[in-house]
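One structure is given here, and the rest of the page talks about it.
Number of protein chains: 2
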Amino acid sequence: MASPRPTSDVPDESVTGRARRPGGRSAAVRRRVLDATLAQLVQHGYDSLSIDTVAERSGVHRTTVYRRWRDVGGLLADVLHEASVDAWRPPDTGSLEGDLVAVNHEVYVALTADPVTVALIAASFRSEQAAEALRAFWTDRYDRCADVARRAVERGEIPAGTDARRLLIAATAPLYHELVLLRAATDAHLPELVARSAATAARAGAFTDR
Amino acid sequence: MASPRPTSDVPDESVTGRARRPGGRSAAVRRRVLDATLAQLVQHGYDSLSIDTVAERSGVHRTTVYRRWRDVGGLLADVLHEASVDAWRPPDTGSLEGDLVAVNHEVYVALTADPVTVALIAASFRSEQAAEALRAFWTDRYDRCADVARRAVERGEIPAGTDARRLLIAATAPLYHELVLLRAATDAHLPELVARSAATAARAGAFTDR
DNA sequence: TCGTTAAGGCTACGGTTGTCGCGATAACAT
DNA sequence: ATGTTATCGCGACAACCGTAGCCTTAACGA
Numbered sequence: 058m059a060s061p062r063p064t065s066d067v068p069d070e071s072v073t074g075r076a077r078r079p080g081g082r083s084a085a086v087r088r089r090v091l092d093a094t095l096a097q098l099v100q101h102g103y104d105s106l107s108i109d110t111v112a113e114r115s116g117v118h119r120t121t122v123y124r125r126w127r128d129v130g131g132l133l134a135d136v137l138h139e140a141s142v143d144a145w146r147p148p149d150t151g152s153l154e155g156d157l158v159a160v161n162h163e164v165y166v167a168l169t170a171d172p173v174t175v176a177l178i179a180a181s182f183r184s185e186q187a188a189e190a191l192r193a194f195w196t197d198r199y200d201r202c203a204d205v206a207r208r209a210v211e212r213g214e215i216p217a218g219t220d221a222r223r224l225l226i227a228a229t230a231p232l233y234h235e236l237v238l239l240r241a242a243t244d245a246h247l248p249e250l251v252a253r254s255a256a257t258a259a260r261a262g263a264f265t266d267r
Numbered sequence: 058m059a060s061p062r063p064t065s066d067v068p069d070e071s072v073t074g075r076a077r078r079p080g081g082r083s084a085a086v087r088r089r090v091l092d093a094t095l096a097q098l099v100q101h102g103y104d105s106l107s108i109d110t111v112a113e114r115s116g117v118h119r120t121t122v123y124r125r126w127r128d129v130g131g132l133l134a135d136v137l138h139e140a141s142v143d144a145w146r147p148p149d150t151g152s153l154e155g156d157l158v159a160v161n162h163e164v165y166v167a168l169t170a171d172p173v174t175v176a177l178i179a180a181s182f183r184s185e186q187a188a189e190a191l192r193a194f195w196t197d198r199y200d201r202c203a204d205v206a207r208r209a210v211e212r213g214e215i216p217a218g219t220d221a222r223r224l225l226i227a228a229t230a231p232l233y234h235e236l237v238l239l240r241a242a243t244d245a246h247l248p249e250l251v252a253r254s255a256a257t258a259a260r261a262g263a264f265t266d267r
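Sequence order for the protein chains is G and X.
Under my numbering, residues 58 to 267 are what the first sequence spells out, in order.
Under my numbering, residues 58 to 267 are what the second sequence spells out, in order.
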């Protein structure tokens, strides 16, 4: 006994293509596969994304991709994971309305110009990994956005006790609803309109507990 | 010439499994297939839904189902189409808040207890037919909900000029967001909470134009 | 340097998915 | 009644998807 060899510990991050021998080759494989995934997605859209196309494009063997990422959702989850390890902070424009408008513009761009976001949402219905990655990503972002509400309270714009998460969701959800679920005609100043509504609502105390 | 034979008119509703000879056999086939689709969905979930399973279950040949409905999205679109031809009216409880809460309870049930809704959303990412059917369904429902806002204006609860669609979306979108996109822990009184926020916002004039 | 072994490459296989062409059947018009 | 033809059933097919087994390569530790 004694020395606990790392034979079967490693928490379990094998989920996102993480390897126990990440040096050299494995890292190169991951890089090639993720690059190929993103390139394929950008060039030919979500429907073209399959393990096979990514494998061929990356030059990595089919079975290897299957083993490490399991399915398309796994690939996208890893892409998102890599992209979301950043120092993103919510905008700080000096007013609640300004902050919310800025956030919504980012959401708008993500939903209309960035194929990864929509692809991940689509994949989340067919892959538990994708769903989990998306949930984690959004939770993280909404947590970081708590500052927006906190600052607004400090400035006296909105009542103390305002629930930051509810406020942020009220500000962004209609955008997702229109663009992702309804796929309605995209009105270019919808982000502003929705953000302003949410700000008004917050000022009226719509998101205070109880 | 003369007599315009119905050889190739029929607008184009062939999209939803509609046949040009709907009598007897075709009608029976449609019935069996739609019944099988719904039964399969209820019993084994969306993932189990494929043209093949539905065909086998219904006793209709694979190729026939492929020809008339094209893909799973087409099947679900037809199921929805059949189910949504009803006389649904938005609730009329006597107050805006009451109406919104009632609507949200219906949405909540649809998203947590009715497999068709979520299945259709999932399918809408992979099938143009499903996306179109969903868009049409929601447009229709939001249109009917305009009464809720109209009555609230008449009662003097909210300002004239309130945009009914924006109000309704503000009331329901956070629910879709939490349950469908985030798949967050389902808080049983979330529908009420969100509806009340929207009512407060509407009273504060958050949804008036400009 | 060298042994251990995780990870990648390869081949092969069975199941599923979507399509095509043909012949049979029955809906509808005359 | 009878002819036309839309629709269905059928068999076959290629393409794709996911997995298993086995061998090779190279990461890592001693």
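Beta carbons: idealized from backbone N, C-alpha and C, even for Gly.
Every value quoted in this text rests on a predicted model; they were computed, and no experiment measured them.
Across the region 174 to 203 of chain G, CB contacts with chain X closer than 7 Å involve I178, A179, F182, A188, R192 and W195, in sequence order along the chain. Within chain X, the residues placing a beta-carbon under 8 Å from that of G/G262 are T257, ordered along the chain. By alpha-carbon distance to G/T150, the top candidate from G/A159, G/A144, G/D143 and G/V142 is G/A159. DSSP lists X/T265 as the beta-bridge partner residues of X/T219.
Taking a Cβ-Cβ cut-off of 9 Å, the neighbours of X/Y233 in chain G comprise A230, Y233, H234 and L238, given in sequence order.
Residues of chain G whose Cβ lies closer than 9 Å to the Cβ of X/R223 are, in chain order, P231, L250, V251 and S254.
Chain X has no Cβ within less than 8 Å of the Cβ of G/I215. If only complete runs of 4 or more residues are kept, the region 99 to 136 of chain G shows the alpha helix (DSSP H) at 108 to 115 and 119 to 126, in order along the chain. Going by DSSP, X/L236 is part of no alpha helix (DSSP H) at all; its letter is neither H nor E.
Collapsing the DSSP output to three states places G/W195 in a helix. By the CB criterion at 8 Å, X/A261 and G/T257 fall inside the cutoff. In chain order, P231, H234 and E235 make up the part of chain G whose C-beta sits under 8 Å from the C-beta of X/I226.
Per DSSP, the continuous alpha helix (DSSP H) segment holding X/D156 begins and ends at L153 to T169. For G/H138, the secondary structure class from DSSP, reduced to helix, strand or coil, is helix.
Residue environment analysis places G/A245 among the exposed positions, since fewer than 16 neighbouring C-beta atoms fall within 10 angstroms of its C-beta.
Collapsing the DSSP output to three states places X/G81 in a helix.
By the C-beta density criterion, G/H234 is buried, having at least 16 other C-beta atoms within 10 angstroms. Across the set G/G80, G/E185, G/A241 and G/D156, the C-alpha of G/E185 shows the shortest separation from the C-alpha of G/L132. The C-beta of G/S181 has 16 or more other C-beta atoms within 10 Å across all chains shown, which makes the residue buried. Inter-residue distance for G/S115 and G/A193 is about 27 Å (C-alpha atoms, whole angstroms). With a contact defined as Cβ atoms closer than 8 Å, G/A96 and G/A134 miss out at about 17 Å. For X/S181, the uninterrupted alpha helix (DSSP H) segment begins and ends at P172 to S181. Residue nearest to X/G102 within the set X/A221, X/A230 and X/T174 is X/T174 (criterion: CA-CA distance). In the three-state reduction of the DSSP assignment, G/T243 falls in the coil class, being assigned neither a helical nor a strand state. CA-to-CA, the gap between G/R146 and X/L239 works out to about 20 Å. The three-state secondary structure of X/D149, taken from DSSP, is coil. With a threshold of 16 other beta carbon atoms within 10 Å, G/S254 meets it and is buried.
For G/E214, no alpha helix (DSSP H) run applies, since DSSP gives it neither H nor E. Selection G/A227, G/I108, G/T243 and G/A242 evaluated against G/A252 yields G/A227 as nearest (Cα-Cα).
G/S254 sits in a helix when the DSSP states are folded into three classes. Of the residues assessed, X/D156 falls on the buried side of the cut-off, its CB having 16 or more other CB atoms within 10 angstroms. A straight line joining the alpha-carbon of X/E163 with that of X/L232 spans about 11 Å.
A Cβ-Cβ contact shorter than 8 Å links G/V90 with G/V122. Looking at the backbone, the Cα of X/E211 and that of X/S152 are separated by about 11 Å.
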